[in-house]
Amino acid sequence: MKKIAILSLLVLTSILTSGQVNIKKCITTRLVEQELISNPDYAKGRANAITENIAWIKANDSEKTTLNIPVVIHIIHKSTHSNVGVGTNISNAQIEDALKVLNEDYSKTNPEYPNPPRNTFLNYWGDPDMKFCLATSDPSGNPTNGITRTSTIVADWDADNNFESNAMKKTVNGGMDAWDPSKYLNIWVCNLSNSNGGGITLGYAYLPGLQSWNAWKDGLVIDFQYFGTIGGASPSSDGRTATHEIGHYLGLYHTFCEESDSQGNPICCDNDDNNGGGNIDDTPATKDIYFGNVSSSTNNNTCNDINYPNTFSTNVLDMDENFMAYSSNSWMFTDDQVNVMNSTLNGYRSSLKNSNVSMNCEGSVVTGLNNYQLENINIYPNPTQGKLNIVSDYKINSLIIANVIGRKILYKNDFSSNTIDISSFENGIYFIHINTNKGTHIKKIILAK
75 MKKIAILSLL
85 VLTSILTSGQ
95 VNIKKCITTR
105 LVEQELISNP
115 DYAKGRANAI
125 TENIAWIKAN
135 DSEKTTLNIP
145 VVIHIIHKST
155 HSNVGVGTNI
165 SNAQIEDALK
175 VLNEDYSKTN
185 PEYPNPPRNT
195 FLNYWGDPDM
205 KFCLATSDPS
215 GNPTNGITRT
225 STIVADWDAD
235 NNFESNAMKK
245 TVNGGMDAWD
255 PSKYLNIWVC
265 NLSNSNGGGI
275 TLGYAYLPGL
285 QSWNAWKDGL
295 VIDFQYFGTI
305 GGASPSSDGR
315 TATHEIGHYL
325 GLYHTFCEES
335 DSQGNPICCD
345 NDDNNGGGNI
355 DDTPATKDIY
365 FGNVSSSTNN
375 NTCNDINYPN
385 TFSTNVLDMD
395 ENFMAYSSNS
405 WMFTDDQVNV
415 MNSTLNGYRS
425 SLKNSNVSMN
435 CEGSVVTGLN
445 NYQLENINIY
455 PNPTQGKLNI
465 VSDYKINSLI
475 IANVIGRKIL
485 YKNDFSSNTI
495 DISSFENGIY
505 FIHINTNKGT
515 HIKKIILAK
């Protein structure tokens, strides 16, 4: 208990010292600061998460397979934008694009690899090996495409307002209630605004540590203009706001120093190493924030790294290309950052890694979940003892059966039969995906032999 109390104080102290920085691009630091002050349980949760991360990293554990994470995207749009693809009611194509960018960044397959604009930190580039997949079952077990769309009379959500910055996460406020945050990564996409001058908020997320009674806050909030790069996205959007915010969600701090001296002037510090147990040794100490472009000629070196305990044996340039920086272009996580994110998914957020939610990891939004589809495809009996009858008014191009964690266990191309036998499977819940020219129909089936 004494160790946790000390860690809690360390987290609180380190975050409070950064409170003088008022940068709107990502307000995670301010939200975490407020939560630590108003909610002592969050301070304990942060300390526990940090302790678990340290233990996992020291144990030299490693994840050998890709981690699939179920995602639900809540589109909170203005009531005047009733048509999908108009204004705040962003299109499925924009959502697909956002997921594409996210999954490239978290698998080290983004366009910058292996030849980034500069190769200064090429040898420190880590591979998270994570995949973010749209959920195909909702909390009640019903089929879903992993997207909810909520019409609201709320014109925008003020990120500078302590209430409104979380209000879109509640149906009663005109937003959408979170799906079980222990099983789903919730992403709210909406129209963000700022009532105080000095910047624009692109997105934010809480660091791990929220308790069950306030876990409804957990997840990402992203302005609709910075989710993806096409459609309603701003010309300045590189689609990596989600990449940055999920880094926070999985335990990463900003790479730049968020502290200042007594006169409010920026100072040097190793923010993600000494800041409450960040555990990152392979990002250099960095003074203040660089918002500009990173190219082969970028040579910012704001702190002397010899003065800090880290991986580097010499003074190195600032790592402005890191996803957790604020540069206008970024392209990498480090090995230590990957270790922290993996430790979070094997510790504090292990229920998310082990979620039994079925998922669509194909990268495209399932669009066939509508009444017309449901009325013209019949699958029976359900529950079944093994034999399923499938009646469709449309030619079935392919048929997939997946288990509750989204793993495909049967695939048939050009399926022309009216029956399929699954009696060799173990009893339990499965999801059948029927692909036709009209779209994809997903249905939960129960095998009870």
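Take the sequence shown: its position 248, counting from 1, is numbered 322 in my numbering, and each next residue is one higher. Cβ atoms here follow ideal geometry from the backbone N, Cα and C, with glycine treated the same way. Being a predicted model, the structure only gives us computed values, none of them experimental.
Open item on the list: Using a Cβ distance threshold of 8 Å, determine whether the segment 176–190 contacts the segment 314–321, with at least three qualifying pairs required.
Closed with: Segments in contact, yes.
Open item on the list: Between ASN265, GLU126, LEU326, which has its C-alpha nearest TYR280's C-alpha?
Closed with: Of ASN265, GLU126, LEU326, the residue nearest in Cα terms is LEU326.
Open item on the list: Spatial neighbours of VAL228 within its chain, please: C-beta separation below 7 Å, excluding the five flanking residues on both sides.
Closed with: GLY248
TODO: Give every residue of the same chain whose Cβ lies closer than 7 Å to the Cβ of THR376, excluding the five residues on either side of it in the sequence, and list them in chain order.
DONE: Once the five neighbours on either side are set aside, the close Cβ partners of THR376 are CYS342, THR360, LYS361, ASP362, ASP392.
Open item on the list: For a test of the three-state rule: what should DSSP assign to SER214, helix, strand or coil?
Closed with: In this structure, SER214 counts as coil in the three-state DSSP scheme.
- [ ] Compute the Euclidean distance between the alpha carbons of PHE499 and GLY220, then round it to the nearest angstrom.
- [x] 26 Å
Task: Cβ distance (whole Å) where THR218 is taken to contact THR210 below 8 Å - done: 6 Å
Open item on the list: With the cut-off set at 8 Å, would you say LEU484 and ILE519 are in Cβ contact?
Closed with: Cβ atoms of LEU484 and ILE519: not closer than 8 Å.
- [ ] May I ask you to verify whether the segment 412–425 touches the segment 124–135, counting CB pairs closer than 8 Å and requiring at least 3?
- [x] yes
Task: Cβ neighbours of THR458 in the same chain (closer than 8 Å, five flanking residues each side left out) - done: ILE496, ILE519, ILE520, LEU521, ALA522
Open item on the list: Please state whether the Cβ-Cβ distance between THR493 and ILE464 is less than 8 Å.
Closed with: yes
Open item on the list: Would the segment 249–259 count as touching the segment 282–299 if we require 3 or more Cβ pairs under 8 Å?
Closed with: yes
Task: Those runs of the beta strand (DSSP E) which lie wholly inside the segment 237–280 and span at least 3 residues - done: 259–264, 277–279
TODO: Report the partner residues of HIS515 according to the DSSP bridge assignment.
DONE: ILE508
TODO: Specify, as a first and last residue, the run of the alpha helix (DSSP H) that ALA117 falls within.
DONE: 114–132
Task: Beta-bridge pairing of ASN177 - partner residues as DSSP gives them - done: In the DSSP output, where bridge partners are listed per residue, ASN177 has none listed.
Task: Range covered by the beta strand (DSSP E) that runs through ASN413 - done: Segment 409–419 is the alpha helix (DSSP H) holding ASN413; no beta strand (DSSP E) there.
TODO: Please determine, among THR408, PHE301, SER491, the residue with the shortest C-alpha to C-alpha distance to TRP199.
DONE: THR408
TODO: Give every residue of the same chain whose Cβ lies closer than 7 Å to the Cβ of THR298, excluding the five residues on either side of it in the sequence, and list them in chain order.
DONE: With the sequence shown as reference, residue 298 is identified as Phe, and Thr is not the correct amino acid for it. For PHE298, where only same-chain residues beyond five positions count, the Cβ hits under 7 Å are THR162, ILE164, VAL263, CYS264, ASN265, GLY306.
TODO: Tell me where the beta strand (DSSP E) around TYR485 begins and ends.
DONE: 482–487
Task: PHE505 classed as buried or exposed, judged by whether at least 16 other C-beta atoms fall within 10 angstroms - done: buried
Task: Cross-strand partners of PHE206 (DSSP beta bridge) - done: ILE143
Task: First and last residue of the uninterrupted beta strand (DSSP E) at ALA476 - done: 470–476
Open item on the list: Quick check on DSSP: helix, strand or coil for TRP405?
Closed with: coil
Open item on the list: Tell me the rounded alpha-carbon separation between THR315 and GLY277.
Closed with: 7 Å
Open item on the list: Taking the alpha carbon of LEU284 as the reference point, which residue from THR357, CYS100, GLN108 has its own alpha carbon closest?
Closed with: GLN108
Open item on the list: Just to confirm before moving on: does the CB-CB distance between ASP432 and ALA399 stay below 8 Å?
Closed with: In the sequence under discussion, the amino acid at residue 432 is Ser, which differs from the Asp named in the question. For SER432 and ALA399, no; Cβs fall outside 8 Å.
Open item on the list: Strictly by DSSP, which residues pair up with TYR454?
Closed with: ASN463
Task: DSSP three-state assignment for LEU326, whether helix, strand or coil - done: coil
- [ ] Starting from VAL295, follow its DSSP beta bridges and name the residues at the other end.
- [x] According to DSSP, which records beta bridges pairwise, VAL295 is partnered with TRP262, TYR278.
- [ ] Give me the Cα-Cα distance between TYR591 and SER404, rounded to the nearest whole angstrom.
- [x] Because the chain in this structure spans residues 75 to 523, residue 591 falls outside the shown range and cannot be described.
TODO: Give the C-beta separation of SER524 and ASP234 to the nearest angstrom, bearing in mind that I take them to be a contact with Cβ-Cβ under 8 Å.
DONE: With the chain running from 75 to 523 in the structure shown, residue 524 is simply not present.
Open item on the list: Whole angstroms are fine: how far does the CA of THR103 sit from the CA of ILE508?
Closed with: 45 Å
Open item on the list: Under DSSP, the beta strand (DSSP E) around SER225 begins and ends at which residues?
Closed with: 221–226
Task: Continuous beta strand (DSSP E) stretch holding ILE494: start and end - done: Per DSSP, the unbroken beta strand (DSSP E) holding ILE494 starts and ends at 493–495.
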